[in-house]
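Presented below is the structure to which this report refers.
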Amino acid sequence: MTAEPTTASEPTPTAAPALPSDFIRDIVQQHVAENRYPAGIVTRFPPEPNGYLHIGHAKSICLNFGIALENGGRCHLRMDDTNPAKEDIEYVESITADVRWLIAGWADSILGLKPRGALPSPVADSPRPDLLASPAPVAANADHAATEPFFASDYFEALYGYAEQLITCGKAYVCDLTPAETEAYRGSPDTPGKNSPFRDRPVAESLDLFRRMRAGEFPDAARTLRAKIDMASPNIWLRDPLLYRIRHVAHHHAGDGWPIYPLYDFAHCLSDYLEGITHSICTLEFEVHRPLYDWLLESLDLPRALPRQYEFAKLNLAYTIVSKRKLMQLVQENHVTGWDDPRLPTLSGIRRRGVPASALRAFVTGVGVTKFDSLTELAVYENAVRDSLNTVAHRRLAVLRPLKLVLTNIAPGETIDCTAGNLPADPAAGARTLGLTREVFIETEDFAEVPPPKYFRLKPGGDVRLKYACIIKCDELVKDAAGNLVEIRCTADLSTRAGQANCDRKVKGTIHWVSAATAIEAEVRLYDRLFTKAEPDADGDFKSHLNPRSLEVLTAKLEPSLATATSADRFQFERLGYFTPDAKDSAPGRPVFNRTITLKDTWSAK
RNA sequence: UGCCCGAUGGUGUAAUGGUAGCACGAACGACUCUGACUCGUUCUGUCUAGGUUCGACUCCUAGUCGGGCAGCCA
Numbered sequence: 026m027t028a029e030p031t032t033a034s035e036p037t038p039t040a041a042p043a044l045p046s047d048f049i050r051d052i053v054q055q056h057v058a059e060n061r062y063p064a065g066i067v068t069r070f071p072p073e074p075n076g077y078l079h080i081g082h083a084k085s086i087c088l089n090f091g092i093a094l095e096n097g098g099r100c101h102l103r104m105d106d107t108n109p110a111k112e113d114i115e116y117v118e119s120i121t122a123d124v125r126w127l128i129a130g131w132a133d134s135i136l137g138l139k140p141r142g143a144l145p146s147p148v149a150d151s152p153r154p155d156l157l158a159s160p161a162p163v164a165a166n167a168d169h170a171a172t173e174p175f176f177a178s179d180y181f182e183a184l185y186g187y188a189e190q191l192i193t194c195g196k197a198y199v200c201d202l203t204p205a206e207t208e209a210y211r212g213s214p215d216t217p218g219k220n221s222p223f224r225d226r227p228v229a230e231s232l233d234l235f236r237r238m239r240a241g242e243f244p245d246a247a248r249t250l251r252a253k254i255d256m257a258s259p260n261i262w263l264r265d266p267l268l269y270r271i272r273h274v275a276h277h278h279a280g281d282g283w284p285i286y287p288l289y290d291f292a293h294c295l296s297d298y299l300e301g302i303t304h305s306i307c308t309l310e311f312e313v314h315r316p317l318y319d320w321l322l323e324s325l326d327l328p329r330a331l332p333r334q335y336e337f338a339k340l341n342l343a344y345t346i347v348s349k350r351k352l353m354q355l356v357q358e359n360h361v362t363g364w365d366d367p368r369l370p371t372l373s374g375i376r377r378r379g380v381p382a383s384a385l386r387a388f389v390t391g392v393g394v395t396k397f398d399s400l401t402e403l404a405v406y407e408n409a410v411r412d413s414l415n416t417v418a419h420r421r422l423a424v425l426r427p428l429k430l431v432l433t434n435i436a437p438g439e440t441i442d443c444t445a446g447n448l449p450a451d452p453a454a455g456a457r458t459l460g461l462t463r464e465v466f467i468e469t470e471d472f473a474e475v476p477p478p479k480y481f482r483l484k485p486g487g488d489v490r491l492k493y494a495c496i497i498k499c500d501e502l503v504k505d506a507a508g509n510l511v512e513i514r515c516t517a518d519l520s521t522r523a524g525q526a527n528c529d530r531k532v533k534g535t536i537h538w539v540s541a542a543t544a545i546e547a548e549v550r551l552y553d554r555l556f557t558k559a560e561p562d563a564d565g566d567f568k569s570h571l572n573p574r575s576l577e578v579l580t581a582k583l584e585p586s587l588a589t590a591t592s593a594d595r596f597q598f599e600r601l602g603y604f605t606p607d608a609k610d611s612a613p614g615r616p617v618f619n620r621t622i623t624l625k626d627t628w629s630a631k
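Heads up: the first sequence begins at 26 in this note's numbering, then just goes up one per residue.
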């Protein structure tokens with residue numbers, strides 16, 4: 026091959042990964058091009074702190090933070106905490122930690138691409154000028170917003186003011202109907218509702234009543250504040266929707282000063298407005314709320330640009346459920362060990378299982394953003410996890426189900442050093458030394474006394490390579506009185522070690538092993554999908570489809586270098602999968618490893 | 001039988017009136033001291049019926065199928 030410098034004078038295309046594209050990003054792009062939001066693009070991720078975040082939220086987080094990052098904008102993590110009865114500070118903390126984990130380091134990689142817009146300028150009347158005033162770099166800003174969440178409950182006072190404004194201009198009224206009456210008056214999807222008898226109550230009376238609601242004069246559910254729209258609207262959310270309800274409960278963030286709390290529809294659009302959100306992106310079930318979102322904002326006298334709502338389809342992943350209510354059941358009924366059980370699709374569980382945040386991001390980005398209610402195959406997720414781990418996880422040897430093997434031509438006490446690269450594809454990742462000894466453990470399934478067709482592993486009279494060591498030949502089986510195999514006796518061909526005369530000798534199979542003399546023991550937890558059906562709740566009975574074999578606990582033999590591993594480490598146990606020490610249960614001297622995912626197996630399935 | 005939304009290979013997604021492409025998956029093959037990775041080849045698609053157009057995945061009409069909406073939840 027001649028070294029023709031054909032490309033020397035051509036500009037080397039810096040293979041920048043393409044920015045994701047979808048119908049929402051297209052809209053944002055157009056707005057950027059039109060300079061519709063001169064102050065910049067601002068999005069938000071608004072979970073209610075009533076449960077743990079899950080893989081579905083990851084899609085929303087990546088969409089919202091991604092759009093902000095790509096456009097030099099901002100994304101606010103906002104607790105949508107308007108219903109204190111269901112919420113708890115525990116969830117505020119877990120959500121904050123999970124979001125921070127998911128986006129950590131992301132800005133750096135995405136900012137390597139060219140940001141498409143200018144940095145937003147401060148929003149003058151923002152309730153959080155501390156956050157918004159400093160034009161920090163986007164990367165820092167993104168992490169900061171995730172670390173320091175916004176709270177809808179911080180806006181209760183401002184929201185209350187908007188409510189009074191709505192009453193004053195005749196667009197809201199205090200209603201004394203009971204909950205049951207309210208429901209009855211609402212009608213049904215195909216029959217119009219009826220006007221509340223309190224609908225035309227004088228403004229002054231509604232205002233007085235609303236102030237007394239706030240003062241705590243009335244018991245729970247005695248009255249509500251409602252928007253005055255159209256009880257006959259084909260859209261149920263326009264049939265005089267409730268804006269405020271009376272609840273004499275303390276709030277985990279706002280304290281105990283509020284006997285009334287705003288409902289989602291009222292709080293959300295105005296929280297978006299207060300934070301200067303430009304694109305309020307939510308899932309499809311809120312599509313029918315959009316007219317109300319717009320009605321509320323347009324009914325008030327608001328000086329700044331109004332946010333607009335856009336909807337996309339939430340993520341559905343095969344063999345998993347993400348409903349907070351159902352996850353809660355699994356946790357409370359002890360089908361799993363907690364919200365961070367590695368079998369759960371919660372971000373805490375996924376993290377504990379050992380999945381890198383970058384893998385999750387790649388997965389949800391690859392799935393795309395549409396309005397089609399799809400079901401994503403688990404293989405797509407698994408591919409993203411393997412793909413991410415493959416290049417970074419150092420290789421190690423471990424034996425899950427040990428079978429004793431004696432190398433009869435190695436003397437007791439003798440050790441033969443073998444070098445094993447940490448990342449065979451990348452010598453810079455270094456290597457460690459494995460000591461081959463007379464007694465080793467191999468995987469039980471790597472030996473077959475009666476091998477099936479095309480069996481590459483060890484069999485009577487056959488030979489196989491011990492990874493990083495040498496080729497061995499099976500001479501003899503030792504069985505106990507009951508006929509159970511207790512030991513295999515082999516001869517090691519030491520001339521086939523790396524650098525030796527016959528190192529290039531080929532055999533069909535290569536198996537992993539650990540030295541019986543130096544192996545450490547560890548608990549290893551193997552996970553399988555939590556459910557046996559692709560759509561566990563299709564028949565409304567997800568608990569009957571729990572996989573009884575979703576967790577298998579073994580005592581494994583590991584190569585000694587694994588003794589000092591921490592939960593920040595990720596390994597590939599060769600031929601077995603990717604593993605990480607469990608962040609909760611692993612301790613020095615008592616290691617516990619989680620299997621993040623198996624390696625792809627194109628043989629045993631046949 | 002109200003209103004809103006959607007429909008492209010097995011799965012997910014692109015093509016924005018002009019060559020139906022990508023990824024996952026599957027099959028086969030090459031390579032291999034991981035039956036992994038990598039590489040190569042192959043496989044399968046525009047819901048139906050009309051219409052507009054030189055030309056339709058794209059626009060229009062009707063239908064079919066699927067999803068969402070009747071919490072003082074979000």
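For glycine and all other residues, C-beta sits at the position ideal for the given N, C-alpha and C.
Between which two residues does the alpha helix (DSSP H) harbouring H293 extend?
Note, H293: alpha helix (DSSP H), Y289 to L299.
Starting from W538, follow the beta strand (DSSP E) in both directions and report where the run begins and ends.
Segment W538 to S540, the beta strand (DSSP E) holding W538.
Helix, strand or coil: how does DSSP classify G460 here?
Strand, per DSSP.
Closer than 6 Å by C-beta to H79: which residues in its own chain qualify, once you throw out the five before and the five after it? Chain order, please.
Excluding residues within five positions, the ones whose Cβ falls inside 6 Å are V347, P370 and T371.
Could you tell me which whole alpha helix (DSSP H) segments of length 4 or greater appear in the region 264 to 341?
If we require 4 residues or more, the alpha helix (DSSP H) runs fully inside the region 264 to 341 come out as 289 to 299 and 315 to 324.
Can you check whether the CB of K429 is closer than 8 Å to the CB of E464?
It is a contact, given that the beta carbons lie within the stated cut-off.
When the Cα atoms are used, what is the spatial distance from L327 to H419?
Cα-Cα distance, rounded: 57 Å.
What three-state label does DSSP hand G379 in the structure shown?
Looking at G379 - three-state DSSP - the assignment turns out to be coil, as it is neither helix nor strand.
Rank F337, T444, E546 and L385 by C-alpha distance to the C-alpha of R426 and give the top, closest one.
Nearest option by C-alpha distance: E546.
Measure the C-alpha to C-alpha separation of G212 and L267 and round it to an integer number of angstroms.
The straight-line gap from Cα to Cα measures roughly 15 Å.
So the alpha helix (DSSP H) N619 belongs to, where does it begin and stop?
Premise fails: N619 lies in the beta strand (DSSP E), V617 to I622, not in any alpha helix (DSSP H).
Could you give the distance in angstroms between the alpha-carbon of S85 and the alpha-carbon of C307?
Near 8 Å, if we compare the C-alpha coordinates of C307 and S85.
Going by beta carbon distance, what residues of the same chain come within less than 7 Å of G614, once the five residues before and after it are set aside?
Excluding residues within five positions, none has a Cβ falling inside 7 Å.
Looking at C-alpha atoms only, which residue of G98, G91 and T345 is the closest neighbour of R554?
Nearest C-alpha to R554: T345.
Considering only the alpha carbon of each residue, which of D412, P109, G487 and F223 lies closest to Y286?
Nearest option by C-alpha distance: P109.
Report all residues from its chain with a CB closer than 7 Å to the CB of C100; omit the five preceding and five following residues, and keep chain order.
Closer than 7 Å at the Cβ level, and outside the excluded window around C100, lie T68, R69, F70, N89, F90, A93, A167 and A170.
If you follow the beta strand (DSSP E) that F20 is part of, which residue opens it and which one closes it?
The question about residue 20 has no answer, for the chain in this structure spans 26 to 631.
Under 7 Å Cβ to Cβ from G363, same chain only, skipping five residues before and after it: list those, please.
Only V356 meet the Cβ criterion.
Please give me, in chain order, every unbroken run of the alpha helix (DSSP H) with length at least 4 that falls completely inside the region 158 to 242.
For the region 158 to 242, whole alpha helix (DSSP H) runs of length 4 or above, ordered along the chain, are 163 to 172, 181 to 193, 204 to 211 and 228 to 239.
Can you give me the Cβ contacts of V634 inside the same chain, cut-off strictly under 7 Å, excluding the 5 residues immediately before and after it?
Here the chain covers residues 26 to 631 and nothing more, so residue 634 does not appear.
Excluding sequence positions up to five away, which residues of its chain have a Cβ less than 6 Å from the Cβ of S134?
Closer than 6 Å at Cβ, skipping near neighbours: no residue.
Let's see if you can read the secondary structure: which residues bound the beta strand (DSSP E) around R84?
The amino acid at residue 84 is misidentified as Arg; the sequence shows Lys. Element bounds for K84: not the beta strand (DSSP E) but the alpha helix (DSSP H), I80 to E95.
In terms of alpha-carbon separation, which member of H278, D105 and D505 lies closest to L288?
Of H278, D105 and D505, the residue nearest in Cα terms is D105.
Using the Cα positions of Y552 and I128, report the straight-line distance between them to the nearest angstrom.
Distance between the alpha carbons of Y552 and I128: 26 Å.
Between the Cα of D113 and the Cα atoms of F291, F48 and H277, which residue gives the shortest distance?
Out of F291, F48 and H277, H277 has the C-alpha closest to the C-alpha of D113.
Let me know the secondary structure DSSP gives R153 once reduced to three states.
With a pLDDT of 48 at R153, under the threshold of 50, the modelled position of this residue cannot be trusted; read the value that follows with caution. Reduced to three states, the DSSP call for R153 is coil.
Going by alpha carbons, who is nearest to A593 out of G98, E323, F618 and E118?
Per the Cα distances, F618.
Could you have a look at T390 and say whether DSSP puts it in helix, strand or coil?
Of the three classes helix, strand and coil, the one that applies to T390 here is helix, per DSSP.
Quick one: what's got a C-beta closer than 7 Å to V532's C-beta in the same chain, skipping five residues either side?
Counting only Cβ-Cβ distances below 7 Å, and skipping sequence neighbours, we find D488, V489, R490 and I496.
With DSSP as the reference, label E512 as helix, strand or coil.
If DSSP states are grouped into helix, strand and coil, E512 belongs with the strands.
What first and last residue would you give for the beta strand (DSSP E) that runs through E439?
Counting along the chain, E439 falls outside any beta strand (DSSP E), and DSSP gives it neither H nor E.
Determine, using beta-carbon pairs with one atom in the region 170 to 186 and one in the region 216 to 227, whether at least three such pairs fall under 8 Å.
The region 170 to 186, when compared against the region 216 to 227, does not touch it at the 8 Å Cβ threshold.
Have a look at A275 and N572 and give me their C-alpha separation to the nearest angstrom.
Roughly 40 Å separates the two Cα atoms.
Helix, strand or coil for Y406 per DSSP?
Here Y406 sits in helix by DSSP.
What first and last residue would you give for the beta strand (DSSP E) that runs through R421?
Run containing R421: H419 to R421, per the beta strand (DSSP E) assignment.
If R482 and A473 are in contact, beta carbons under 8 Å, what's the gap, nearest whole angstrom?
Contact holds; Cβ gap of about 7 Å.
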